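Input: a single structure, listed below in structure tokens.
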Amino acid sequence: MSDPKSKRKVKNKNSSVRSEGARGGFFARIFKKRETPPVYEPPLVPKPYGYQPLEGYFAINKDTLLIADQSRKNYAENFRDMFKRALEHELFIHYNKPGYNNILFEENPSIDPEGYVIECYPDRMKLSAGGAPGFFYAMQSLSQFLRLDTLLSKDVIYCPCMVISDFPKYRYRGFMIDVSRHFFDKTEIKRYIELMSALKFNVFHWHLSDDQGFRFEISNEKYKFINITSSERRGDCVGRPGSQFPYNDKVYKGYYTKDDVKEVVEFAKKRFVTVIPEIDLPGHTQALIAAYPWLGCDESDENGNLKPRPRVGVRVEYGVSEEVLCAGKESTYKFIEDILDEVFEVFDGPYIHIGGDEVLKNHWETCPYCRQKAAEIGGIGLQSYFLNRVAEYCKSNGKRVIGYNDGLNGGADPEIISQFWVEGKEHNESLKSQIRNGGRKFILSSERAFYCDYPYAVTPLKKTYFYKLPADFQSADIKKNMLGIEAPLWTEYVLSRDKADLNLFPRMIAVAEQCWTRQTTDEASIKRKRKRRKYNEARYAGFLNRVKAYEPILDLYRVNYADLKIADPTDKKYLKAERAKWAGSDQYSELKMNKNLAEQRKVIKRNGVLAGKIEENQNREIALDATSYTPIASIKIDLPFDKDMV
Ligand code: ACM
Ligand code: ZN
Numbered sequence: 072m073s074d075p076k077s078k079r080k081v082k083n084k085n086s087s088v089r090s091e092g093a094r095g096g097f098f099a100r101i102f103k104k105r106e107t108p109p110v111y112e113p114p115l116v117p118k119p120y121g122y123q124p125l126e127g128y129f130a131i132n133k134d135t136l137l138i139a140d141q142s143r144k145n146y147a148e149n150f151r152d153m154f155k156r157a158l159e160h161e162l163f164i165h166y167n168k169p170g171y172n173n174i175l176f177e178e179n180p181s182i183d184p185e186g187y188v189i190e191c192y193p194d195r196m197k198l199s200a201g202g203a204p205g206f207f208y209a210m211q212s213l214s215q216f217l218r219l220d221t222l223l224s225k226d227v228i229y230c231p232c233m234v235i236s237d238f239p240k241y242r243y244r245g246f247m248i249d250v251s252r253h254f255f256d257k258t259e260i261k262r263y264i265e266l267m268s269a270l271k272f273n274v275f276h277w278h279l280s281d282d283q284g285f286r287f288e289i290s291n292e293k294y295k296f297i298n299i300t301s302s303e304r305r306g307d308c309v310g311r312p313g314s315q316f317p318y319n320d321k322v323y324k325g326y327y328t329k330d331d332v333k334e335v336v337e338f339a340k341k342r343f344v345t346v347i348p349e350i351d352l353p354g355h356t357q358a359l360i361a362a363y364p365w366l367g368c369d370e371s372d373e374n375g376n377l378k379p380r381p382r383v384g385v386r387v388e389y390g391v392s393e394e395v396l397c398a399g400k401e402s403t404y405k406f407i408e409d410i411l412d413e414v415f416e417v418f419d420g421p422y423i424h425i426g427g428d429e430v431l432k433n434h435w436e437t438c439p440y441c442r443q444k445a446a447e448i449g450g451i452g453l454q455s456y457f458l459n460r461v462a463e464y465c466k467s468n469g470k471r472v473i474g475y476n477d478g479l480n481g482g483a484d485p486e487i488i489s490q491f492w493v494e495g496k497e498h499n500e501s502l503k504s505q506i507r508n509g510g511r512k513f514i515l516s517s518e519r520a521f522y523c524d525y526p527y528a529v530t531p532l533k534k535t536y537f538y539k540l541p542a543d544f545q546s547a548d549i550k551k552n553m554l555g556i557e558a559p560l561w562t563e564y565v566l567s568r569d570k571a572d573l574n575l576f577p578r579m580i581a582v583a584e585q586c587w588t589r590q591t592t593d594e595a596s597i598k599r600k601r602k603r604r605k606y607n608e609a610r611y612a613g614f615l616n617r618v619k620a621y622e623p624i625l626d627l628y629r630v631n632y633a634d635l636k637i638a639d640p641t642d643k644k645y646l647k648a649e650r651a652k653w654a655g656s657d658q659y660s661e662l663k664m665n666k667n668l669a670e671q672r673k674v675i676k677r678n679g680v681l682a683g684k685i686e687e688n689q690n691r692e693i694a695l696d697a698t699s700y701t702p703i704a705s706i707k708i709d710l711p712f713d714k715d716m717v
């Protein structure tokens, strides 16, 4: 498709489709099913805002110079390193401007700081960006466009002439990984940051604490049992509650040292990804209460004497726990502040997430400390009081605070950013009024579309791709408070990297397009329903093509992505059966099916078709064919993830 000859063919075909009606008779015109003209899209995910193919190629060869002044030298160096992945020789960087066979770097303040323009003409290329992140995204796009990682090493790379101009729809483009239910070590975390930054995500939300484990090193000797007790549980839930043996009795443990965190934060920074730590409070804290029971509520015995509640262990089962931090004791707040001090020591980004979701109040209602505190503070309610106090502490440390929307409904500080995950009439009304009356900002994380823990049979790719804010959130005054989108991966039933990969890919590509890609046509301006449907069908078909074209790159990263047969299911019977399995006792049906499909794909690639293509490709000067194949069997593999990546 990237061959200019085929582009010309596409154009001609379009014009003949258009003129056909005029040539046919009356009935022919009425009844002829008009084909939707094929739209040429560059093989890029997320799709860029503007793309204009031009005639010809620019040959990047050993004489091509990278032109950058001293202050832009590091951008040129990054691109030089990028080309090194597929070129046999290293490009030189120069500081003057010869007229041809060069790639010029230019910072342009009129471009969005994350935006960029790539102009490729037969004799030169120009890369302009609004700032360092823009150059980084230009690099991601160009590397993908040229399929650099899947090319055989050669002495020339041909770049089809074109102009790409691109900038993001939202400033906040996030993904979350829950490492409490199941732990992913620092190398795996870095791998996801790498994969997501290639899709232009710029936020990694790290869910470090929950009932099932606390996963961040605490050095304060006073709390030494956090990493001994709270970071380890006896037993792992390996099936659904309905299944016969859902738990094993193995010790499941792990936490990140501060050095691990620093390494991840630095790694992320290089990819323009901000890391947001989450310490989920005051619910989802059973792991902490297991180590320090005084963090929980007390109760009175029959004589009215206070006594601690029965001791609990780190939770093994899922669901919402009744064990929550006591909101009445001052010692709880001192504890949290001490923990947060250590969090702030190594997470130097602007945000902190304090959770606030799913807080059961049973213990608060009977705890004498909580009852007394509730009486003191009056109408605001303990939940809001608690979150506001913690938020105040975070703000005094220069942080912006994020919390889940279900925790913010009763008078929480309007400066806390709401992560809008649970929808429904009451939650929606409440958030809208918080936005209108208090100016609250929010991040969209709809459970229905962006929760990556669900199987594709429940949340198919199409649903994620087409998700729209609820109708009552469509007005400009609400939308302007939306910072962006985040997709969480809760890991109750994600025991392995393979399962995480499956649930995240290709779903995160759809999320990336929701976050990044501004549509050039406003769908609402297409008045006729049928036309709108056609427009969306074509859009989705283009998206699937681009996903397919991206699969070879995911192969390189050894991503166990879901086959489109699984990710984009259509058969109603199949869907019903798969949903029943999920609701019943089989969490791994899609994983098993996908293994078979991946095997089939490998066989097809090994058997001739691809081998022939590889040879053809070696003899051919045109190195690009994004849509049909990638020479996966003979690429020069230099995977960063097989070693330690930094
Ligand atoms: C959540 O899903 N409990 C935020
Ligand atoms: Zn209490």
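Numbering (our numbering), first residue to last: 72 to 717. Ideal placement from N, C-alpha and C gives every residue a C-beta, glycine not left out. Everything numeric in this text was worked out from a predicted model, so none of it was measured.
By the neighbour-count criterion, in which 16 or more other beta carbons inside 10 Å mark a residue as buried, G469 falls on the exposed side. In chain order, the residues that have a beta carbon nearer than 6 Å to some heavy atom of ligand 1 are D428, E429, Y475, W492.
Residues V472, D484, I487 of the same chain have their beta carbon placed closer than 6 Å to that of A462, with the five preceding and five following residues left out of the count.
D351 and H276 have their alpha carbons spaced roughly 12 Å apart. Per DSSP, reduced to three states, the secondary structure at I637 is helical. Scanning H165, D134, N574, G384 for the CA closest to the CA of A633 turns up N574. DSSP, read as helix, strand or coil, puts T345 in strand. Restricted to the segment 202-240, the beta strand (DSSP E) segments that are unbroken, complete and at least 3 residues in length are 228-237, listed in chain order.
Scanning Q545, I360, Y128, R195 for the CA closest to the CA of L515 turns up Q545.
For L575, the secondary structure class from DSSP, reduced to helix, strand or coil, is helix. In the structure shown, P353 falls within a coil segment according to DSSP collapsed to helix, strand and coil. Take the alpha-carbon of Y456 and the one of F176: they are about 52 Å apart.
By the Cβ neighbour-count rule, H165 is exposed, with fewer than 16 other Cβ atoms within 10 Å of its own.
In this structure, the beta-carbon distance from I138 to N179 does not fall below 8 Å. Contact check for C465 against E388 fails: the beta carbons are separated by 8 Å or more. For Y128, the closest C-alpha among the options Y146, K598, T403, Y229 is that of Y229. Secondary structure note for P124: its beta strand (DSSP E) is the uninterrupted segment 121-131. Around the beta carbon of D281, a 10 Å sphere encloses 16 or more other beta carbons of the protein chains shown; the residue is thus reported as buried. Taking a 10 Å sphere around the C-beta of N167, we find fewer than 16 other C-beta atoms and assign the residue as exposed. Nearest C-alpha to G555 among Y241, R650, R617: Y241.
Our two residues, Y440 and A547, have alpha carbons roughly 44 Å apart in a direct line.
Taking the C-beta atoms as reference points, V430 is found nearer than 8 Å to V395. The alpha carbon of T403 has as its nearest neighbour, out of Y294, Q283, N616, the alpha carbon of Y294. K444 has its alpha-carbon roughly 47 Å from the corresponding atom of P204.
In the three-state DSSP reduction, W653 falls in the helix class (H, G or I). By a beta-carbon distance limit of 8 Å, P348 contacts F418. Their separation comes to about 5 Å.
Beyond the five residues adjoining it in sequence on each side, P353 comes within less than 7 Å, by CB distance, of V395, L396, A398, V430, F457 in the same chain, given in chain order. Comparing alpha carbon positions, the residue from T328, L646, C438, G420 closest to P531 is L646. G474 places its beta carbon less than 8 Å from that of G427. The beta carbons of R342 and I235 sit no closer together than 8 Å. Where G306 is concerned, there is no enclosing alpha helix (DSSP H), although the beta strand (DSSP E) around it starts and stops at 303-308. For G399, the Cβ falls inside the 7 Å cut-off from some heavy atom of ligand 2. Take L566, set aside five residues on each side of it, and the residues of its chain with a beta-carbon closer than 8 Å to its own are H253, D307, V309, in chain order.
Secondary structure remark: continuous beta strand (DSSP E) runs of at least 3 residues inside the segment 552-602, in chain order: 553-560. In the pairwise beta carbon analysis, the segment 615-623 is classified as touching the segment 111-118: at least three pairs are separated by under 8 Å. A distance below 6 Å between beta-carbons, with the five flanking residues on each side excluded, links D249 to the following residues of its chain, in chain order: H278, W561, T562.
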